[in-house]
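Please read the structure below before turning to the comments.
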Amino acid sequence: MKKLWQTLTKPSSKYSILALVLVGIVITLAGTVVVHKSFEFASRTEFCTSCHTMQQNYEEYKQRIHYKNASGVRAECVDCHQPKDLPGKVMRKLGAWKDVYNHFITKKIDTPEKLEEHRLELAEMVWARMKSQNSKTCKSCHSYDAMDHSKQSAKAAMEMNKAAAADMNCIECHKGIAHELPNMAGGFQKDFQELQATANAQAADAKVLYSLGEKDLFASADAGAKAEGKLLPASEVTVLERKDNMLKIKVDGWLEKAGKGRVMTEYMGKRVFKATIRGDVKATEQLIEEKTDPATDIVWQHVSVEAWITAEDMIDNIQPIWNYAEGMFGATCNACHAAPDPAHFTANGWISGLNAMSAYYRLTKTEERTLLKYLQNHGKDTGGAGKH
Numbered sequence: 001m002k003k004l005w006q007t008l009t010k011p012s013s014k015y016s017i018l019a020l021v022l023v024g025i026v027i028t029l030a031g032t033v034v035v036h037k038s039f040e041f042a043s044r045t046e047f048c049t050s051c052h053t054m055q056q057n058y059e060e061y062k063q064r065i066h067y068k069n070a071s072g073v074r075a076e077c078v079d080c081h082q083p084k085d086l087p088g089k090v091m092r093k094l095g096a097w098k099d100v101y102n103h104f105i106t107k108k109i110d111t112p113e114k115l116e117e118h119r120l121e122l123a124e125m126v127w128a129r130m131k132s133q134n135s136k137t138c139k140s141c142h143s144y145d146a147m148d149h150s151k152q153s154a155k156a157a158m159e160m161n162k163a164a165a166a167d168m169n170c171i172e173c174h175k176g177i178a179h180e181l182p183n184m185a186g187g188f189q190k191d192f193q194e195l196q197a198t199a200n201a202q203a204a205d206a207k208v209l210y211s212l213g214e215k216d217l218f219a220s221a222d223a224g225a226k227a228e229g230k231l232l233p234a235s236e237v238t239v240l241e242r243k244d245n246m247l248k249i250k251v252d253g254w255l256e257k258a259g260k261g262r263v264m265t266e267y268m269g270k271r272v273f274k275a276t277i278r279g280d281v282k283a284t285e286q287l288i289e290e291k292t293d294p295a296t297d298i299v300w301q302h303v304s305v306e307a308w309i310t311a312e313d314m315i316d317n318i319q320p321i322w323n324y325a326e327g328m329f330g331a332t333c334n335a336c337h338a339a340p341d342p343a344h345f346t347a348n349g350w351i352s353g354l355n356a357m358s359a360y361y362r363l364t365k366t367e368e369r370t371l372l373k374y375l376q377n378h379g380k381d382t383g384g385a386g387k388h
């Protein structure tokens, strides 16, 4: 060990210290050049898209504004996916082992069908990485300080001013800027299936239940009879009687006295719809109280009705429904931009707010009604997110 230590610590008897230093410098310079050129080669778009699994992403990118635009400035793959600083660049290159592994070993996205299956998962990983870096790759080109808001539309200028004040993460509003947006429904639709499984396991045994979706209301314990109304999603009922697969329930809500008395709302003066009633179901109506809305001078009646429903898709806790709806909100309204907090609008305000965005998301009518119910019950005038 002593001899080895001497060999390592003492200059060579054959070469001068200057020669050894020069050799070390040459090796260091050569290594630096090799590393630089390797990074340069591996950072070209041609390299990034050389694997066939990247061809679909590449074709999508070629249709986007970062590839071809009026200014002629093109953002290459690394401009968005690789930080400019050396530590960030090195970490991104080291993290790329997953791409190599999945390309050659698992073949996770080696067909268009597989890419679509995993698109949401892949996109969420990229969004999370960009969020953790506060979108520094975006901001290396798009600086808030360099923006001339007078050349933006009034709406864009207003939003960008707010984003600049908060130093907002670009990816919050600009998902889908370079590639196709994934189908965001996969996550919350799976959540709904789990909700149904939980509800079915409970067999509607609780005294107080909540509807997962829309339910026909019947005047008798016969699901084949004519429906006399509907129970809307996320609505609370009290079970009065059970008969085979049918439940006799009591539903209470508010009706506008001067109206036709067919639409029950959860709150007086707020269009948070709970049920529609008619015929023999409406005939069971019982008055609980009568009040005048001080904001509008409209008289409202708090009433209850009795009806029969099937036992499926009824759960004993509202919170799992709100969790599911919150996931739907994040997957749809947050897909393209930073959606406002549910408490940002009033219960009635959310109706027009959601309608304005209906062209940009794909939800079933039941999903849309559940989402609206969640937003309304967490609105500015219903207690906000902290109450429900």
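Residue numbers (full-length UniProt numbering): 1 to 388.
Beta carbons: idealized from backbone N, C-alpha and C, even for Gly.
The structure displayed is predicted, hence computed values, not measured ones.
Beta-carbon proximity check, residue i vs residue j, cutoff 8 Å
i, j, result
"residue 269", "residue 295", "yes"
"residue 84", "residue 140", "yes"
"residue 299", "residue 310", "no"
"residue 315", "residue 195", "yes"
"residue 288", "residue 217", "no"
"residue 392", "residue 93", "What is shown of the chain runs 1 to 388, which leaves residue 392 out entirely."
"residue 211", "residue 313", "yes"
"residue 271", "residue 348", "yes"
"residue 324", "residue 188", "yes"
"residue 273", "residue 209", "no"
"residue 178", "residue 52", "no"
"residue 143", "residue 171", "no"
Environment of residue i [buried if 16+ CB atoms lie within 10 Å]
i, result
"residue 387", "Here the model assigns residue 387 a pLDDT of 44, short of 50, so the residue's position is not dependable, and the following value carries that caveat. By the 10 Å Cβ count, residue 387 comes out exposed."
"residue 372", "buried"
"residue 68", "exposed"
"residue 230", "buried"
"residue 55", "exposed"
"residue 305", "buried"
"residue 290", "exposed"
"residue 376", "buried"
"residue 119", "buried"
"residue 237", "buried"
"residue 275", "buried"
"residue 78", "buried"
"residue 73", "exposed"
"residue 30", "exposed"
Spatial distance of residue i from residue j (CA atoms)
i, j, result
"residue 158", "residue 35", "44 Å"
"residue 350", "residue 358", "12 Å"
"residue 202", "residue 244", "15 Å"
"residue 385", "residue 378", "Residue placement at residue 385 cannot be trusted, given a pLDDT of 45 that sits under 50; what the coordinates show is reported in the next sentence. When rounded, the distance between both Cα atoms is 5 Å."
"residue 169", "residue 285", "52 Å"
"residue 124", "residue 248", "44 Å"
"residue 20", "residue 33", "20 Å"
"residue 207", "residue 240", "8 Å"
"residue 111", "residue 122", "15 Å"
"residue 58", "residue 214", "43 Å"
"residue 45", "residue 343", "44 Å"
"residue 380", "residue 254", "20 Å"
"residue 220", "residue 60", "56 Å"
"residue 148", "residue 27", "48 Å"
"residue 64", "residue 180", "10 Å"
"residue 321", "residue 242", "24 Å"
"residue 333", "residue 105", "36 Å"
"residue 367", "residue 50", "41 Å"
"residue 226", "residue 280", "10 Å"
"residue 261", "residue 267", "15 Å"
"residue 353", "residue 145", "31 Å"
"residue 81", "residue 329", "27 Å"
"residue 173", "residue 137", "15 Å"
"residue 383", "residue 224", "40 Å"
"residue 99", "residue 133", "20 Å"
"residue 303", "residue 340", "34 Å"
"residue 256", "residue 297", "11 Å"
"residue 154", "residue 160", "10 Å"
Residue range of the beta strand (DSSP E) that includes residue i
i, result
"residue 289", "286–292"
"residue 217", "That residue, residue 217, is in no beta strand (DSSP E); it is neither H nor E in DSSP."
"residue 274", "270–277"
"residue 266", "263–267"
"residue 242", "236–243"
"residue 246", "246–256"
"residue 310", "299–310"
"residue 210", "208–211"
Whole-angstrom C-beta distance between residue j and residue i, which should lie under 8 Å
i, j, result
"residue 246", "residue 308", "5 Å"
"residue 234", "residue 370", "6 Å"
"residue 39", "residue 89", "7 Å"
Range of the contiguous alpha helix (DSSP H) that encloses residue i
i, result
"residue 76", "Here residue 76 belongs to no alpha helix (DSSP H), and DSSP marks it neither H nor E."
"residue 88", "86–95"
"residue 61", "55–62"
"residue 115", "112–132"
"residue 230", "No alpha helix (DSSP H) holds residue 230; the beta strand (DSSP E) holding it covers 229–231."
"residue 376", "365–377"
"residue 159", "154–165"
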